[in-house]
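Q: The numbering of the sequence shown is the numbering used here, which starts it at 372 and goes up by one.
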Amino acid sequence: MKKLFFLMLAVCSIALTSCSGEEEDIAPAQFSATELQFTAKGETQTVKLLNYHKIVIMEADKMVLNTQKPSGIDSRYANEWLTATVFSENLKEISVTAAENTTGKKRTFKLPVYTHNVDKDAQKGTEKPHNGQTSYITITQESK
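(1) Quick one, which of E414, G413, L421 has its alpha-carbon nearest T405's?
(2) Where does K425 sit, in a helix, a strand or coil, going by DSSP?
(3) Hey, L463 and K412 are a contact pair by Cβ (cut 8 Å); roughly how many whole angstroms apart?
(4) Leaving out five residues on either side along the sequence, give the residues of the same chain with a beta carbon under 6 Å from the beta carbon of Q401.
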């Protein structure tokens, strides 16, 4: 009987001290714009991250011919008509440039971006991302 009592006590203790069931709420990323509209002529627009420390463009550098990142660029995406860049001096801003649209068709692209906060360990000189999430910036360009 004593063994059964201690077994039940141990099970209850483990159940009460294991996971609390509460996960940290992650606030959605907030941007100055989540949709960009470009004219057929082409232009550059900027999107600012309002509530996290850093933006990283997903699939970065795969479309930049596998070359080294140029100095001053943190992450970049490029295709035949669009270039999106996060520059090292401002990790909370994406510069998006659309080339002139001469195709006669409207163009649309969803740019995946990863946003996160950064924990800095001053003693080790390291940064560790946390509270990250993927969001999308929808980019549309009119046709001529």
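We treat Cβ as the ideally placed atom computed from N, Cα and C, and that holds for glycine.
A: On the basis of the coordinates in this document:
(1) Looking at the Cα atoms, L421 is the closest of the given residues.
(2) If DSSP states are grouped into helix, strand and coil, K425 belongs with the strands.
(3) Note on residue identity: the sequence assigns Lys, not Leu, to residue 463. That pair is no contact at about 28 Å.
(4) Taken in chain order, the residues that qualify are L421, N422.
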